Amino acid sequence: MPTSNSFGTRTEIRVLDKPVQIYSLPALEQAGFPGVSRLPYSMKILLENLLRREDNAFVKADDIRAVAQWNATAGVEKEISFMPARVLLQDFTGVPCVVDLAAMRDAVVGLGGNPDRINPLQPVELVIDHSVQVDYFGRPDAFALNAELEARTADLNRVDREHHTFVNSLDEAVIGVDRRAVVTTWNHAAERLWGLRAEHVVGRELSRLPIGPVAPRASAVAERVMSTGRPEQVPAATYALPDGEQRRGALRVFPLRNEAGEVTGAVGTLMPGDGARSD
């Protein structure tokens, strides 16, 4: 896009044998702004942006002078234009923008216009984590397939919530790990027993948790259970809690399996006393 280039900073360089136009800050310095090289890096980015966008409408020569002559101690405030080269939106703010664009395109179609004319002025990257997911697209049955997947996901989430509620209702400390022996489950009883909240534990390696000798012992048993696929019970032992209290308990570890019967992890319970329980 052609610019006014009031200060003669547009320069051509060659990159991989191809001509590329840049707007040179050293050239601006030679044009009568000796302080440009000493500007903070962020100010140089703003200055280069103004040089590229100078059109005597939104960006004027005085805007460039204001930044090129910027003095932190002057106390002068001036509003300038800034046109980013790219816009990065996260899902919380980005999804409404996408909805607005879609609505405007629908309105243009309703008025008999071309919806392709409704686009952002700058390239936009939308980063979506979990708010929107499209597994099928570009086919007539895409909506039905996505709706079916959404319903299945909702069922899985409901089962997960029920499991979470059940595990937290137990009086026994429950610890779950995946195939890497990384903690995936840490119930309320475990929080009370060791004084560690779930958000500080889940995602960490079991063997590295500050829970005394239980950590390496439970980790070794879990790895063995995941290897053999058979549950194990460790004889009762006395463990020292972080507050110095002595607690006797027995460790029981069971393999976790998916629908195909494959072992995906392990779950262990530390039962008080000698581990006797009625199922």
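Quick note: the sequence shown uses my numbering, first residue 205, plus one each step. Glycine residues also receive a C-beta, built at the ideal position from the N, C-alpha and C atoms. As the structure is a computational prediction, the values presented were derived from the model and not from experiment.
Under a 10 Å Cβ-count criterion, residue 297 is classified as exposed, with fewer than 16 other Cβ atoms of the shown protein chains found around its own Cβ. Under DSSP, residue 436 forms a beta bridge with 457. Taking every protein chain shown into account, the CB of residue 287 has fewer than 16 other CB atoms within 10 angstroms, so this residue is exposed. Residue 232 is positioned such that its CB atom lies closer than 8 Å to that of residue 213.
Its chain contains 411 as the residues whose beta carbon lies nearer than 8 Å to that of residue 420, once the 5 sequence neighbours on both sides are disregarded; these appear in chain order.
For the pair residue 265 and residue 210, the Cα-to-Cα distance works out to about 7 Å. Between the C-alpha atoms of residue 299 and residue 329 there is a straight-line separation of about 11 Å. Between residue 263 and residue 285, the C-beta gap is smaller than 8 Å, which places the two residues in contact.
Per DSSP, reduced to three states, the secondary structure at residue 322 is coil, with no helix or strand assignment. When secondary structure is reduced to three states using DSSP, residue 274 falls in the coil class, being assigned neither helix nor strand. The count of Cβ pairs closer than 8 Å, one atom from the stretch 341-352 and one from the stretch 365-382, stays below three, leaving the stretches out of contact. Judged by pairs of C-beta atoms under 8 Å, the stretch 421-436 does not touch the stretch 390-406, as fewer than three such pairs exist. If one requires a minimum length of 3 residues, the beta strand (DSSP E) runs lying completely within the stretch 209-249 are 214-219, 222-227, in chain order. In this structure the stretch 458-469 lies against the stretch 378-391, because at least three pairs of beta carbons, one per stretch, are closer than 8 Å. As computed with DSSP, residue 293 is found in a beta bridge with 330. Going by beta carbons, residue 459 and residue 435 fall inside the 8 Å limit. If you draw a 10 Å sphere on the C-beta of residue 227, you find 16 or more other C-beta atoms in it, and that means buried. No Cβ-Cβ contact shorter than 8 Å links residue 305 with residue 274. In this structure, residue 289 and residue 326 form a Cβ contact; the two beta carbons are roughly 7 Å apart against a cut-off of 8 Å. When secondary structure is reduced to three states using DSSP, residue 426 falls in the helix class. Cβ-Cβ distances below 8 Å link residue 293 to 301, 328, 329, 330, 331 in the same chain, with the five nearest sequence neighbours on each side left out; the list follows chain order. Residue 268 carries a helical assignment under DSSP once its states are collapsed to helix, strand and coil.
When the Cα atoms are used, residue 405 and residue 387 turn out to be separated by approximately 7 Å. Scanning its chain for C-beta atoms nearer than 7 Å, with the 5 sequence neighbours on each side dropped, one finds around residue 237 the residues 272, 273, in chain order. Ranked by Cα distance from residue 241, the first of 429, 365, 462, 229 is 229. In this structure, the CA atom of residue 356 is about 51 Å from the CA atom of residue 252.
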